[in-house]
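Using my numbering, the first residue of the sequence shown is number -4, and each one after it goes up by one.
Right, one structure below, let's go through it.
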Amino acid sequence: MAGHSKWANIKHKKAATDAKRGKIWTRLIKEITVAARMGGEDVDSNPRLRLAVEKAADANMPKENVSRAIQRGAGTLEGANYEEVRYEGYGIGGAAIIVDCMTDNRVRTVAEVRHAFNKFGGNMGTEGSVAFLFTHCGQMLFAPGTNEDALMEAALEAGADDVITDEEGGIEVICAPFSLSDIRSTLEGAGFKPEVAEVTMKPSTETVFAGDDAIKMQKLIDALENLDDVQEVYTNAIIEE
């Protein structure tokens, strides 16, 4: 199944993520802490925690940092009590945006998120205003040049829901959110290592931005992503380089 070309966007996002590694570690510590608190400290029986720990390993986070975060979540170490909160809104031209946060102060967080939307040409919506445009799923991205037929066969046999090839030859494997770890392990065992593997909110439709609108939209996304309480920003905007 063919899809919109997004490989340049993926590479750009990955480079930006790598450049903000210190902040990525902070976000991962929050995710590990909350996952351990909600589902227990046993990685094998807690799929969400397993995903977070794998992501921490991908980000080269020291194991002692991971262990302390798990202990805080399990209540054996003291620490801030984070809660999850989601905000929805609109960017340039009505593009859909979801902002997932972890915070110990909802009043501060909503004020900062609203300010970022307003300052950079967007506006916050009500709960559910754009979430219906996204699907919660596991996503793995493989570089152009990967053997499409072999990967598709291996992925579908492992339990993936869909395999999508874009115009540049990049391949996207979609699966249920908490099947991601097992399917990723199976595919890596077969010789297919993803460039990106994450649980995401995948948009059902996409809006392509270029020129001034692309610059404005990127500024809004960057402003939201740079907020301390923000974990992830999802959008149906495709920003052309």
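Every residue, glycine too, gets a C-beta built ideally from N, C-alpha and C.
Reference residue i, options the options, closest by Cα
i           : options            : result
residue 114 : 98, 87, 102        : 87
residue 21  : 233, 225, 232      : 225
residue 197 : 174, 127, 76       : 127
residue 97  : 81, 37, 48         : 81
residue 119 : 106, 140, 129, 210 : 106
residue 199 : 49, 117, 76, 231   : 231
residue 32  : 70, 53, 122        : 70
residue 175 : 132, 84, 223       : 132
residue 257 : 55, 110, 36, 92    : No answer is possible for residue 257: it lies beyond the span of the chain, which begins at -4 and ends at 236.
residue 233 : 35, 28, 91         : 91
residue 145 : 130, 58, 168, 50   : 168
residue 189 : 203, 95, 141       : 141
residue 195 : 170, 154, 209, 108 : 170
residue 129 : 154, 173, 83, 212  : 83
Where residue i falls: helix, strand or coil (DSSP)
i           : result
residue 108 : helix
residue 191 : strand
residue -2  : Bear in mind that the predicted position of residue -2 carries a pLDDT of just 43, short of 50, making it too unreliable to give a figure here.
residue 232 : strand
residue 127 : helix
residue 203 : strand
residue 118 : strand
residue 54  : coil
residue 36  : coil
residue 95  : strand
residue 89  : helix
residue 217 : helix
residue 223 : coil
Element boundaries [alpha helix (DSSP H), containing residue i]
i          : result
residue 68 : 58 to 69
Beta strand (DSSP E) segment containing residue i, residue limits
i          : result
residue 77 : From DSSP, residue 77 is part of no beta strand (DSSP E); its letter is neither H nor E.
Original post:
If we count Cβ pairs, one from each stretch, closer than 8 angstroms, do we get three or more for the stretch 62 to 82 versus the stretch 24 to 41?
Top reply: Verdict: yes, contact present.
Original post:
If we count Cβ pairs, one from each stretch, closer than 8 angstroms, do we get three or more for the stretch 133 to 143 versus the stretch 95 to 103?
Top reply: The stretch 133 to 143, when compared against the stretch 95 to 103, does not touch it at the 8 angstroms Cβ threshold.
Original post:
Taking contact to mean at least 3 C-beta pairs separated by less than 8 angstroms, is the stretch 209 to 228 in contact with the stretch 154 to 163?
Top reply: Flag = no, the stretch 209 to 228 and the stretch 154 to 163 do not touch.
**OP:** List in chain order: all unbroken beta strand (DSSP E) runs of 3+ residues lying wholly within the stretch 130 to 189.
**Re:** Correct list: 157 to 161, 166 to 170.
Subject >> Contact the stretch 141 to 154 vs the stretch 173 to 181: 3+ CB pairs below 8 angstroms >> reply: A contact exists between the stretch 141 to 154 and the stretch 173 to 181.
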